[in-house]
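What follows is a set of notes on a single structure, which appears directly below.
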């Protein structure tokens, strides 16, 4: 069977289920770049939610648009307070394009609105290109259906058709669909074995199963409906590959850092013996839906979780809420900006005589929308310190351990300094992001628990990883800087060939690229004897060079802290 | 919010429920911080708590829910001062709320259209005598955190901006929740929460099934589900009200005080807030249990909640705070 076809069939099914009960399902998270396939999906979506009041949001939507606010133009013109109605005040299907750019503030508001359960649902269109550009976790957890249509060929995605008559029938049937008690237990257990921690997921799965049953004209949820629910809701959320039944006793090797103990075969299994078979069928369905690269994606997903919550906090350098005050600017007061009253009056003052004459009303202060001035502040954006650590050779383990200690020490002060810390290790023939930019000590401990070491020294690959992370961090509004920890004998080139000369050349190239992007940093030589090549590399990077043989975590964090202290 | 999920129908998460009940008995304990995974019932518990709390008497129309007519701030311009019964306020502070929304600000519309200098009260005013709930508190903007700290400590909100000079009472119990993987909380704010609990997704399959079953039943038919649990909720409310009355009469012996102090010294918690909270929480628990004096058992059950967030953070120590507290409790209390 063609995997792409399966994805499109599922998308079709998802839309039909969503059409029946948008609010009950919470919504859809669609991961796909903008393109013809997504357009076809959206055409189908609009067909599916006809009459459900679809509304488009944008990631920077203000509070007055969401919750309603004062219509300033009308208010000033009439001299009476007039208000606009907010988007969230009536039941509708919210469509959120560029969902990966959603700020934590908007995500929190939308999540709260979805929690109210008064008829709102959300279709999040996630166009993230990188694995860690993704929908905020608070929203992803609250929408039932997760779809990934990225890289789907247009040929595999024929236009979607919705039969309004059949949908109306199914919708009428939905409230009468009953659920056998065993279904709840099965879904909960399957979710557990797929490593789905959140308890919202099984509830979403039940809602989807009900919708699927109604679609097929059944008044009771049956096995095929549960399979649909597992495919649409549980499989995309899986964090571990369920062990086949024969190996159930063994510790699942898929995710060693999950503290969950292997599920002992408890006595509920005995009592519900006849149900054990459908459960295997469900797991089989889930296994078929699990993407082959699940483990890679899990890593990416974890990175995304770390990034999602923080995307955009302090992103703007020119804010309108805090920081050093700057001159006011004209504009429309939205949810976040504050009106600078004095500047507004000053702007309106010269026009008063003319306006009084024009309106014939001599008593009132005449203020027009164009007079409104907003406050503006300047703030310093968050720093992201990227450790690039040489994990090659024999000294790797101790060096990594000290680097890890330095990361944790820096993080323990991060709350005061608004720093993010990341760690990239390079060894063998490539570099690996061990810790995406984070402020969380908890996450750091979890992810840096075991560090691999040994092999060649692909210095260039490490720097390349750092450069990519710098660009990503900048796009999120952070100010990245790089701390390179090595003993300085690059011997693996960018393409993985073990050639000392090519390796040094590539490393110099990447160093220049970093310098060209204006990334500040420091090169720390941890070898027992200083390596002259590193001094040159530091010069190429335009950064200071520091020889610290046998440095420990505290020395390292102090050195990095000192070298990267921003001026002013 | 009508028809919240009944508090007593929440499966498991005993520590979180206990912490919330204790602050309901003695608001002086000073707030609860709930840290844990998504979808573990953090917000459900807070919203359920609102329905559980006994109603308060407040002056009708008062923006800060004053209990007596003379407490109503003069900027409210209230004519009559009749008392009405209203539910204990539980106010959400959404992430990304502006300072204006939180502390209140000049009412721009009235200023521009009618030329009046009027104060538009913010969330802090509405939360007075109730609860202020912040979801994802660890992602809250720093300047808001500072502001909340200040108000929570003084119990008074002072607004000095745009030509306004206004102060009003803002005594509330701060309830924060968040996911520690997304960021830490500054120790200054941590310390301000009286109790802190860690919640995790239940790993026991039967518990998970029960959670899903109840929630599903609730979603299918809120009214009848709420009705079925109403008696339990009311019984709990009765115990809370009784415990509030009994609270003043609960004795704490010299030995118990000594235990508190020893525990805090052994853990090296900063300041004396640890001892005070530990004692208050233990006393509230004793009142809830219908005991006449605080015992070691009470201390033991609240020690983790009251102390785990007050330990000095050692980034190089692998053991979590919870285990450190448990170890010391074992040593000191035996």
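Protein chains in written order, with the working numbering: chain E, -16 to 551; chain R, 17 to 350.
We put the CB at the ideal spot given by N, CA and C, even for glycine.
Query                                                                                                                                                                                                 : Result
Under 8 Å Cβ-Cβ, which residues of chain E neighbour residue 110 (chain R)?                                                                                                                           : 88, 91, 92 and 95
Ordered along the chain, which non-local residues of its own chain (more than five positions away) have a Cβ less than 6 Å from that of residue 388 (chain E)?                                        : 536
Does the beta carbon of residue 155 (chain R) come closer than 8 Å to any beta carbon on chain E?                                                                                                     : yes
By alpha-carbon positions, which one of E:224, E:151 and E:128 ends up nearest to residue 173 (chain E)?                                                                                              : E:224
Buried or exposed: where does residue 448 (chain E) fall if 16 or more other Cβ atoms within 10 Å of its Cβ makes it buried?                                                                          : buried
Sort E:201, E:497, E:177 and E:170 by Cα distance to residue 188 (chain E) and report the nearest one.                                                                                                : E:170
Taking only beta-carbon atoms, is residue 185 (chain E) less than 8 Å away from chain R?                                                                                                              : yes
To which residues of the same chain is residue 298 (chain R) closer than 7 Å at the C-beta, ignoring the five residues directly before and after it?                                                  : 310, 314, 315 and 318
By Cβ distance below 6 Å, which residues in the same chain neighbour residue 254 (chain E) in space, the five residues on each side in sequence not counted?                                          : For residue 254 (chain E), the predicted structure reports a pLDDT of 37, less than 50, and the residue's modelled location is therefore unreliable. The matter cannot be settled from this model.
Specify whether the segment 439 to 455 of chain E and the segment 346 to 354 of chain E touch according to this definition: at least 3 beta carbon pairs, one from each stretch, less than 8 Å apart. : no
In angstroms with no decimal places, state the Cα-to-Cα distance between residue 204 (chain R) and residue 50 (chain R).                                                                              : 16 Å
With 8 Å set as the bound, which would you pick, yes or no: does the beta-carbon of residue 181 (chain E) sit closer than that to a beta-carbon of chain R?                                           : yes
Using C-beta distances below 6 Å, list every residue in its chain close to residue 546 (chain E), excluding the 5 sequence neighbours before and after it, in chain order.                            : 505 and 527
Under a Cβ-count criterion, where at least 16 other Cβ atoms within 10 Å of its own Cβ denotes burial, should residue 133 (chain R) be classed as buried or exposed?                                  : exposed
Which value, in whole angstroms, describes the spacing of the CA atoms of residue 290 (chain E) and residue 131 (chain E)?                                                                            : Here residue 290 (chain E) scores only 38 on pLDDT, less than 50, and its place in the model should not be relied on; the value that follows carries that caveat. One C-alpha to the other measures close to 20 Å.
Counting pairs of beta carbons, one from the segment 29 to 42 of chain E and one from the segment 62 to 81 of chain E, are three or more of them closer than 8 Å?                                     : yes
Decide if residue 259 (chain R) is buried, meaning its Cβ has at least 16 other Cβ atoms within 10 Å, or exposed.                                                                                     : buried
To the nearest angstrom, how far is it from the Cα of residue 79 (chain R) to the Cα of residue 142 (chain R)?                                                                                        : 6 Å
Going by the CB atoms, is the gap between residue 217 (chain E) and residue 179 (chain E) shorter than 8 Å?                                                                                           : yes
Would you kindly check if the distance between the Cβ of residue 76 (chain R) and the Cβ of residue 23 (chain R) is under 8 Å?                                                                        : no
Note down, one range per segment and in chain order, each beta strand (DSSP E) of at least 3 residues found wholly within the segment 486 to 534 of chain E.                                          : 504 to 508 and 528 to 530
Please identify the residue among R:136, R:45 and R:279 whose C-alpha is closest to the C-alpha of residue 92 (chain R).                                                                              : R:136
Chain R partners of residue 120 (chain E), CB-CB under 7 Å?                                                                                                                                           : 54
Taking buried to mean at least 16 other C-beta atoms within 10 Å of its own C-beta, is residue 426 (chain E) buried or exposed?                                                                       : buried
Counting only beta-carbon separations shorter than 8 Å, does residue 193 (chain R) have a partner in chain E?                                                                                         : no
Which two residues bound the contiguous alpha helix (DSSP H) that contains residue 293 (chain R)?                                                                                                     : 289 to 305
By Cβ distance, which residues of its chain are closer than 6 Å to residue 250 (chain R), with the 5 residues on each side in sequence left out?                                                      : none
Check residue 14 (chain E) in the structure and name its three-state DSSP category.                                                                                                                   : strand
In chain order, what residues of the same chain have a beta carbon less than 8 Å from the beta carbon of residue 312 (chain E), not counting five sequence neighbours either side?                    : 356, 357 and 359
Anything in chain E within Cβ reach of residue 59 (chain R), meaning under 8 Å, just list it in chain order.                                                                                          : 98
Out of curiosity, what's the CA-to-CA distance linking residue -1 (chain E) and residue 451 (chain E)?                                                                                                : 40 Å
Return the first residue and the last residue of the alpha helix (DSSP H) that residue 314 (chain R) is part of.                                                                                      : 312 to 323
Check the C-beta distance from residue 321 (chain R) over to residue 31 (chain R) and give it rounded, since I have them as a contact under 8 Å.                                                      : 6 Å
For the segment 220 to 233 of chain R, enumerate the residues whose C-beta is nearer than 8 Å to any C-beta of chain A, in chain order.                                                               : In the displayed structure, chain A is absent; the protein chains listed are E and R.
List the residues of chain R whose Cβ lies closer than 7 Å to the Cβ of residue 544 (chain E), in chain order.                                                                                        : Per Cβ cutoff of 7 Å: no residues; residue 544 (chain E) is ~14 Å from chain R at best.
Determine the chain E residues that contact residue 207 (chain R) at a beta-carbon separation under 7 Å, and present them in chain order.                                                             : Within chain E, no residue comes near residue 207 (chain R); the closest Cβ sits about 13 Å away, beyond 7 Å.
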